[in-house]
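Below is one structure, written out as structure tokens; comments come after it.
Numbering (our numbering), first residue to last: 40 to 166.
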């Protein structure tokens, strides 16, 4: 077999005996079998972060942490906004910067320790 690729890296294989040479267009570039094999492999799909429902995310918090956040949401507009957005979200992922920022804000406000934030992040990153 003879292998070729077009400008979009689509691979074509033709018989080595020349019987199909009429089908080899000028835009095709000759390549090795190894390159043809490499281009023919599907691209690796990066793993997607796990999607949590609001309830699943809140379940990563201890009961005390949940109460602290809910109590703070009654008097602190920043916590209230984060909490409301969390509850309204279709899903939550650690890849969303708003999730990371919200957890960091809870640490800055003393509602969550840095260690607990790290534990929650680790649980969210686990697949």
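Where a beta carbon is used, it is the ideal one built from N, C-alpha and C, also for glycine.
Query, Result
"Coarse secondary structure for residue 160, derived from DSSP in three states", "helix"
"Own chain, CB closer than 7 Å to residue 35, minus 5 neighbours either side, in chain order", "Because residue 35 is not part of the residues shown, which for the chain are 40 to 166, the question remains open."
"Test item: CB-CB of residue 146 and residue 152 under 9 Å", "yes"
"Where residue 53 falls: helix, strand or coil (DSSP)", "strand"
"Segments of 3+ residues assigned as beta strand (DSSP E) that fall wholly inside the segment 65-122", "68-70"
"Closest by C-alpha distance to residue 85, when choosing among 57, 134, 46", "134"
"Inter-stretch contact (C-beta, 8 Å, three-pair minimum) for the segment 42-49 and the segment 57-72", "yes"
"Enclosing beta strand (DSSP E) for residue 62 [first to last residue]", "From DSSP, residue 62 is part of no beta strand (DSSP E); its letter is neither H nor E."
"Separation of residue 142 from residue 118, as counted between CA atoms", "10 Å"
"Status (buried if at least 16 other CB within 10 Å, exposed otherwise) for residue 122", "buried"
"For residue 146: DSSP bridge partner residues", "Residue 146 is not bridged to any residue."
"Contacting residues, own chain, Cβ-Cβ under 8 Å from residue 48 (five flanking each side not counted)", "78"
"Cβ shell of residue 164 (< 6 Å), same chain only, five flanking positions each side left out", "133"
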